[in-house]
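Single-structure report; data block below.
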C-alpha cells in the first residue's frame, strides 16, 4: 500500500450538521475509514465515500462503549491498514476532549497527523440562541470550565470566576448542578440568571432559563438531561426569553400549562 | 418587492476561508447583498451570487472606515431595498463583536433576523497549532478577556484570572502588551509561557512563543502586529515549538539567523 498512514482529527461542530466547516467536509471526502463519536450527527458520515467503513466509537450516557486506549490502538492499526483515518469528534476536538491524547499516541506510532478545528458549543450555542457571552456595559470576559474533573470535584477556579464580571460557561456539569447552586448561593449570587441548554443547535434542543435559585426546579420541569451546557451571568438576560427571569418558575409553568403561545413555551 | 427584509448575520470563522461552516456558505448563496468586515477572507464572497453587491464596511488598523451607526443604518436600508442582507463578520459574530447591536437595531426596525454562528479564533487557533486550551493534569478551565475595553483599561477580571489555573486568552490585546506583562510580573508569573499569534489559520500566520518576561522582545523580533490573539499558560508548552521556552530569545534569534532548518524558524 502506498498511502501514508494518517490520523485526521476533525471537529464536527456543536450539533447541527451544517455547522461543520467546509474544511471538515473536504477531509471526510478524503477518508479511507471514519471513526466517530456519540455527539456527532450521523448525517455527516454521508460526506465520506460510500464504500468507506464508518465505525462508532463513542460513549452514550456515560457508558464507555470503547475505552480510549482501544480507540488509540484502532487509529494506529486502521491507519496502517487503510491509510487516512478520519476521527470525527463533536465540537472542537481539542476543547475538553481527548483529541490531544489521540494525536500524541498517533505521532508516537509514526503516523502523520492533521487537526481540523471544529466550532465549539461554548460560543456557538449562545450565539445561535441570540445572546452574546459578553456585552459592552455588562462584562468583559467569559470563563469556561468542565464540570467533570478527574477528581470529581468542582474546579477551585470557580470561586475566582464568581467574583469577576465574567460570564461562566460550564460544560458537562449537569450532574454537579446542586454543588454549583450551592457555590453561587454561598456567594449571595442566587439571583444570577442561568441558561441550561441540552442538545443546542439541534432540532431536539431543550432550554431552561431561570435564576440560580430556581434552576434545579426548571431543569426538572423542562426535563433537561445530558449533554448540556450551562451559561451563567447577566448576559443571559439578553436572550429573547429572558422575561422568564422576572417571574417565578411556578408562574412560567402555569403560563405554559395554560397554553401560552409563541416560542417561549415551544422553544 | 415581495422579499422579506432580513438581516442574516454570518460568522466567517477565524481566517482560513475553509473554516466557514456549511450553513454560512448556504446563507451566502442566498444573499441579495453582502456587507463584509476587514477580517473576512474575500474568497468567501465568491459563494454569493455573481450579480450581488459586496460592500466592504470594515475597519483596518484601528481606523474606522465605516462607523457602527452607519453600518446599522445601511443594513436596514439595504434590507428594505434588496431583501436579504448577509452581514459577514470574522470569527463568531457575537464573540467580542458588535453583532448583537446590529441584531437589536435590525429588530427594532422591523427586520427579520437570523444568526449563524462562526468558528471562533479563541478555540480554533490553538487547535490548529496543535495544542489544547486545557489538558488533564495541567488545568481545567480557560478564561477569555478582551484587551480593548470601553474605558481603555485592562479588564479587572484579569487580576482574578491570573490567580486561577486557567489558561488566559486575550483578544485584541496587543496594544496592551506592556500592561499585561506588568500584571503578570507583579504576580511573580514572569516565567509563564505565552503564545502570540497573528492571523492564525492563514498562510500569512506569524507566531511568537516565549515567556511573559521575554515576549515583548519576541514580538518585536517576529514583527507581530494586529490582529493577534494571546494565549497564556502552561498549555502553551504543549505546542510543538515549545522548546523555545527553554532557551532565551537571544539564542532563538541566533539560531534563526544562522539558518536552522525546520518549522520553528519558518513557522
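Protein chains in written order, with our numbering: chain A, 1 to 267; chain B, 1001 to 1267.
Heads up, the beta-carbon is just placed ideally off N, CA and C, and yes, glycines get one too.
query	result
Could you check whether the Cβ of residue 1234 of chain B sits closer than 8 Å to any Cβ belonging to chain A?	no
Given a cut-off of 8 Å on the beta-carbon distance, is the pair residue 1114 of chain B and residue 1006 of chain B in contact?	yes
Looking at chain B, is there any beta carbon in it that lies within less than 8 Å of the beta carbon of residue 26 of chain A?	yes
With 16 as the cutoff for other CB atoms within 10 Å, does residue 1050 of chain B come out buried or exposed?	exposed
Could you check if residue 46 of chain A is buried or exposed, using at least 16 other CB atoms within 10 Å of its CB as the buried criterion?	exposed
Take the Cβ of residue 167 of chain A as the centre, count every other Cβ of all protein chains shown within 10 Å, and call the residue buried at 16 or more, exposed below.	buried
CB-CB under 7 Å to residue 56 of chain A, same chain, minus the five flanking residues each way: which ones, in chain order?	36
With H, G and I counted as helix, E and B as strand and the rest as coil, what does DSSP make of residue 1056 of chain B?	strand
Kindly list, in the order they appear in chain B, the residues whose Cβ is closer than 8 Å to that of residue 164 of chain A.	1156, 1157, 1160 and 1161
Quick one: grab the DSSP three-state call for residue 222 of chain A.	helix
Check whether chain E comes within 8 Å of residue 1133 of chain B, counting only Cβ atoms and requiring the distance to be less than that.	Among the protein chains of the structure shown, namely A and B, there is no chain E.
CA-CA distance, residue 239 of chain A and residue 109 of chain A?	48 Å
Identify whether residue 1105 of chain B lies in helix, strand or coil by the three-state DSSP scheme.	helix
With a cut-off of 8 Å, does the C-beta of residue 1119 of chain B fall near any C-beta of chain A?	yes
Output yes or no for whether 8 Å exceeds the beta carbon distance between residue 236 of chain A and residue 187 of chain A.	no
Under a Cβ-count criterion, where at least 16 other Cβ atoms within 10 Å of its own Cβ denotes burial, should residue 176 of chain A be classed as buried or exposed?	buried
So for residue 135 of chain A, helix, strand or coil by DSSP?	coil
Please confirm if residue 1198 of chain B has its CB atom under 8 Å from at least one CB of chain A.	no
Enumerate in chain order the residues of its own chain whose CB-to-CB distance from residue 1149 of chain B is below 8 Å, with the five nearest sequence positions on each side excluded.	1155
Taking only beta-carbon atoms, is residue 214 of chain A less than 8 Å away from chain B?	no
Which residues in chain A have a C-beta closer than 8 Å to the C-beta of residue 1094 of chain B? List them in chain order.	123, 126, 127, 131, 132 and 133
At a CB distance below 9 Å, what residues from the segment 11-22 of chain A approach chain B? Give them in sequence order.	11, 13, 14, 16, 17, 18, 19, 20, 21 and 22
Compare the C-alpha of residue 100 of chain A against each of A:10, A:80, A:161 and A:82 and name the closest.	A:10
Using a Cβ-Cβ cut-off of less than 7 Å, list which residues of the segment 135-153 of chain A approach chain B; keep chain order.	135, 136, 140, 141, 142, 143, 144, 145, 146, 149 and 150
Helix, strand or coil, according to DSSP, for residue 188 of chain A in the structure here?	coil
Does the beta carbon of residue 1053 of chain B sit closer than 8 Å to a beta carbon anywhere in chain A?	no
Report the rounded CA-to-CA distance for residue 38 of chain A versus residue 146 of chain A, giving the unit in angstroms.	18 Å
Using a C-beta to C-beta distance shorter than 8 Å, which residues of chain B count as neighbours of residue 115 of chain A?	1127, 1128 and 1130
Report the neighbours of residue 1238 of chain B on chain A: residues whose CB is nearer than 8 Å to its CB, in chain order.	100
Shortest alpha-carbon distance to residue 1033 of chain B belongs to which of B:1232, B:1143, B:1163 and B:1053?	B:1053
From residue 232 of chain A to residue 169 of chain A, what does the alpha carbon distance come to, in whole angstroms?	6 Å
Tell me which same chain residues have a C-beta within less than 7 Å of the C-beta of residue 161 of chain A, skipping the five on either side of it?	143 and 168
Taking C-alpha atoms, which residue in B:1103, B:1139, B:1183 and B:1019 lies nearest to residue 1069 of chain B?	B:1103
Which class does residue 1021 of chain B belong to by DSSP, given the choice of helix, strand or coil?	strand
Pick out whichever of A:234, A:59, A:134 and A:209 has its Cα sitting closest to the Cα of residue 1095 of chain B.	A:134
Which residues mark the beginning and the end of the beta strand (DSSP E) in which residue 1085 of chain B is found?	1084-1089
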